[in-house]
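Report on one structure; see the data block that follows.
In the working numbering, the protein residues as written are 1 to 186.
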């Protein structure tokens, strides 16, 4: 157990260093929630980098509920996170699925709102998110998954900005597990 904890802690420290160097900015920003903030986190420079995504995937792999049949997330922020985690699972010999949730349903073809394999009704799906503020966008993803008869009990995020997202997810009976909180960047 000691080796797991040491590796986990080392990977977490490496990831935080990358996020501080490549993703964190101070200034005057409007967030996707509409809130104003002097702290901005754009995790894509890290999640779209091989080493960064590998660290995120390793850490999320250890955090996720082992009963999950798939991971899912709202496009675009979650796309690399979903891909990274299903590749990590495959490298461990685990057949695992990924789902990408569209912000809007396609108006052509199959008119899919969720891309990926069709899972058995009642399958447990873990939702991935880069940054949680109020959890508005992640709750949209959860609702779309539940409309398709999937079960969602947890959200994994890289950063919780601690601005009500955890509480909003609790109201949806979903647990938030974050690698970092905004205070880790201050």
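Even glycine gets a Cβ: it sits at the ideal position worked out from N, Cα and C.
- With contacts defined as CB atoms closer than 8 Å, residue 73 and residue 127 qualify as a contacting pair.
- Three or more Cβ pairs drawn from the stretch 128-138 and the stretch 154-166 lie within less than 8 Å of each other, which places the two stretches in contact.
- Taking a contact to require three or more Cβ pairs closer than 8 Å, the stretch 9-25 and the stretch 42-61 qualify as touching.
- Taking 8 Å as the cut-off, the beta carbon of residue 65 is found closer than this to the beta carbon of residue 124.
- Take the alpha-carbon of residue 79 and the one of residue 176: they are about 19 Å apart.
- In the three-state reduction of the DSSP assignment, residue 47 falls in the helix class, which pools H, G and I.
- Annotated three-state conformation of residue 24 is strand, per DSSP.
- The three-state secondary structure of residue 13, taken from DSSP, is helix.
- Taking 8 Å as the cut-off, the beta carbon of residue 47 is found no closer than this to the beta carbon of residue 99.
- For the set 111, 108, 181 and 138, the Cα lying nearest the Cα of residue 33 is the one of 138.
- Residues 98 of the same chain have their beta carbon placed closer than 7 Å to that of residue 83, with the five preceding and five following residues left out of the count.
- Relative to the Cα of residue 86, the nearest Cα in the group 69, 26 and 155 belongs to 69.
- Spatial neighbours of residue 179 in its own chain (CB-CB distance under 6 Å, excluding positions within 5 residues in sequence) are listed in chain order as 59 and 158.
- Counting only runs that start and end inside the stretch 37-82, the beta strand (DSSP E) elements of at least 3 residues fall at 70-74.
- Around residue 164, the same chain offers 134 as residues with beta carbons nearer than 6 Å, after the five sequence neighbours per side are excluded.
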